[in-house]
Every structure is written in C-alpha cells, then in structure tokens.
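What follows is a single structure, written as structure tokens, with notes after it.
Quick look at the structure:
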C-alpha cells in the first residue's frame with residue numbers, strides 16, 4: 001500500500017461524491033494497493049472528513065505509475 | 001359558423017388563461033428576505049476579513065436535519081414550504097417545485113436538495129468555527145431567515161461550499177434574491193465576509209429593482 005499526498009489551492013473548487021464542490025486549501029491523497037487499485041480522496045487542509053473524487057475502479061498496470069498519476073491529478077485540480 | 005368561431009375564441013382564451021397559471025411563480029421566497037435598501041445597509045456593516053482555516057471542520061459539527069414534531073424534520077418542512085403543491089406528509093412523496101437557482105420545475109422531491117444558502121463550510125471559515133455545536137445546529141436548521149431553500153440537486157452540488165465570488169446561480173434573474181439571502185444570513189448570524197465576496201454581492205444586489 002502506497003500513499004501520496006499533495007496540498008494545493010482550488011479557488012473554484014473540486015467536485016466530490018459526498019458534498020458536491022469543495023474549494024480553498026485542499027489536500028489530495030491517492031493510495032495504491034499491491035494489485036494497482038487506486039483510491040482518490042480529498043479534504044480541506046486540517047479538516048476531519050475525507051471525501052471521494054467521482055469515479056472508481058481505477059487500476060494501474062504498473063505500480064510505478066502511481067507517482068505520475070498522482071502528480072498529474074494534483075496539477076489538474078489546482079486552480080489558484 | 002359564427003357560433004363555432006366564438007367557441008374557438010373562447011377555447012383559446014381558456015387555454016391562454018390556463019397557460020398563464022402554469023407559469024412558474026416566485027412562491028419559493030423564504031422568510032426574512034430583506035428589501036434592496038435593507039440588504040445594502042446590512043452588507044455595509046459586515047466585517048471584511050480573510051477567511052479562517054478549515055482546521056477541525058466536519059459537517060457533523062453542524063447537526064442537521066432536526067426533528068421538528070409531527071414526524072417532520074427541517075428538510076421536510078422546507079420541502080413543504082417551498083412547494084406549489086405537494087402530497088405525502090413527512091415524507092413528502094410528490095409535488096411541484098420551482099427551483100429558483102436554475103428555473104427548473106421539479107415534481108419528484110428526490111431531485112431536490114435543501115441548500116444552505118451560506119454553506120456550512122463557508123460559515124465555518126467566516127466565524128462559525130468559534131461557535132458551540134448547539135449554535136451551529138440552530139444555524140444549520142434555521143427556518144426563521146432565508147438560509148434554507150429547495151433547489152435542484154444538480155445546482156446544489158455544483159455550488160457546494162463556494163461563495164458568490166466563485167459561484168452564482170445559473171439563472172441571472174435569481175441573482176438579486178440570492179444576494180439578499182446571502183447577505184441577510186451573514187448579517188443575522190454575525191459572520192464575516194472577504195473582499196472578493198463583498199464585491200460579487202454588491203454587483204448582484206445592484207441587479208435588484210427593490
């Protein structure tokens with residue numbers, strides 16, 4: 001199980017499954033298990049609840065791709 | 001022949017009158033909506049400061065929807081209040097609603113969300129982080145002011161936690177009402193606002209006629 005985390009600003013927000021759009025200083029956390037199954041979670045920096053990003057069943061064929069997928073996602077979501 | 005065309009005209013009039021009544025009404029105005037001038041003076045007194053952090057935030061720190069008696073919770077009461085008509089008494093099973101943000105008419109209550117006009121997360125970063133849980137509960141279930149309104153699920157989700165500087169209702173003619181509700185809620189609950197939010201609210205309030 002590998003976990004990666006990035007903090008970024010999304011002034012216009014990011015869509016979540018549970019509560020719709022959340023905005024401001026956010027933390028993206030992606031986890032990848034040994035089978036390559038990827039899970040995406042997001043929260044306000046310092047907040048208690050974690051939310052999921054829409055979409056599921058993401059599967060990496062090579063675990064080393066986790067790094068680039070995580071970085072790509074954090075870059076796309078970032079909108080200062 | 002004359003009789004026939006008279007009948008036709010009569011039928012046309014009936015049709016047009018019926019159509020008139022079918023036009024969505026602004027029946028969904030929540031209580032406490034201020035006038036333009038009252039909203040303006042409320043806006044002028046609000047404290048302008050940068051937002052607090054979201055540290056410690058959880059939606060559970062704003063308990064909602066409270067039980068209000070007779071089998072109804074706050075959510076059901078707003079559904080009833082905002083309906084043109086409805087059937088089913090907690091839960092409401094069907095009816096007719098006009099979603100003020102997008103102008104969509106809805107007949108199935110599961111297509112509706114009860115929007116917190118000032119979102120819970122937005123309240124947290126503009127002062128509610130210092131409140132007791134009980135005060136936050138009153139805020140999240142406030143039926144006295146214009147803080148709760150039934151709108152389509154999809155507009156509520158696209159709004160999320162955003163303030164008027166990043167999200168405004170898609171229907172332009174609802175901007176006036178939306179600004180009034182937002183301002184009145186922040187004023188009544190003594191919440192602060194940030195400068196980008198204030199200028200967005202001012203532009204929206206300027207679209208009001210009264």
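Residue numbers (UniProt numbering), protein chains in the order written: chain A, 1 to 80; chain B, 1 to 210. Don't be surprised by glycine CBs; every beta carbon is placed ideally from N, CA and C. Since this is a predicted model, take the numbers as computed values, not measurements.
DSSP three-state assignment for residue i, whether helix, strand or coil
{"i": "residue 48(B)", "result": "strand"}
{"i": "residue 75(A)", "result": "helix"}
{"i": "residue 150(B)", "result": "strand"}
{"i": "residue 12(A)", "result": "strand"}
{"i": "residue 174(B)", "result": "helix"}
{"i": "residue 3(A)", "result": "strand"}
{"i": "residue 110(B)", "result": "helix"}
{"i": "residue 78(B)", "result": "helix"}
{"i": "residue 155(B)", "result": "helix"}
{"i": "residue 60(A)", "result": "coil"}
{"i": "residue 27(A)", "result": "strand"}
{"i": "residue 21(A)", "result": "strand"}
{"i": "residue 100(B)", "result": "coil"}
6 Å Cβ shell around residue i - same chain, five flanking residues per side excluded
{"i": "residue 159(B)", "result": "167"}
{"i": "residue 34(B)", "result": "180 and 184"}
{"i": "residue 75(B)", "result": "65 and 114"}
{"i": "residue 211(B)", "result": "Given a span of 1 to 210 for chain B in the structure shown, any question on residue 211(B) remains unanswerable."}
Residue i at chain B interface by Cβ criterion, 7 Å
{"i": "residue 44(A)", "result": "yes"}
{"i": "residue 49(A)", "result": "yes"}
{"i": "residue 55(A)", "result": "no"}
{"i": "residue 76(A)", "result": "no"}
{"i": "residue 5(A)", "result": "no"}
{"i": "residue 20(A)", "result": "yes"}
{"i": "residue 93(A)", "result": "Only positions 1 to 80 of chain A appear in this structure, which leaves residue 93(A) out of reach."}
Short CB-CB distance (under 7 Å) between residue i and chain A
{"i": "residue 47(B)", "result": "no"}
{"i": "residue 115(B)", "result": "no"}
{"i": "residue 178(B)", "result": "no"}
{"i": "residue 127(B)", "result": "no"}
{"i": "residue 142(B)", "result": "no"}
{"i": "residue 201(B)", "result": "no"}
{"i": "residue 204(B)", "result": "no"}
Environment of residue i [buried if 16+ CB atoms lie within 10 Å]
{"i": "residue 126(B)", "result": "buried"}
{"i": "residue 186(B)", "result": "buried"}
{"i": "residue 184(B)", "result": "buried"}
{"i": "residue 31(B)", "result": "exposed"}
{"i": "residue 106(B)", "result": "buried"}
{"i": "residue 56(B)", "result": "exposed"}
{"i": "residue 189(B)", "result": "buried"}
{"i": "residue 131(B)", "result": "buried"}
{"i": "residue 60(B)", "result": "exposed"}
{"i": "residue 85(B)", "result": "exposed"}
Proximal residues to residue i (C-beta, below 8 Å), its chain only, five neighbours per side dropped
{"i": "residue 66(A)", "result": "2, 4, 30, 32, 38 and 60"}
* Counting pairs of beta carbons, one from the region 173-188 of chain B and one from the region 137-151 of chain B, are three or more of them closer than 8 Å? -> yes
* Spell out a yes or no on whether the region 33-49 of chain B and the region 102-118 of chain B are touching, meaning 3 or more CB-CB pairs, one atom from each, closer than 8 Å. => no
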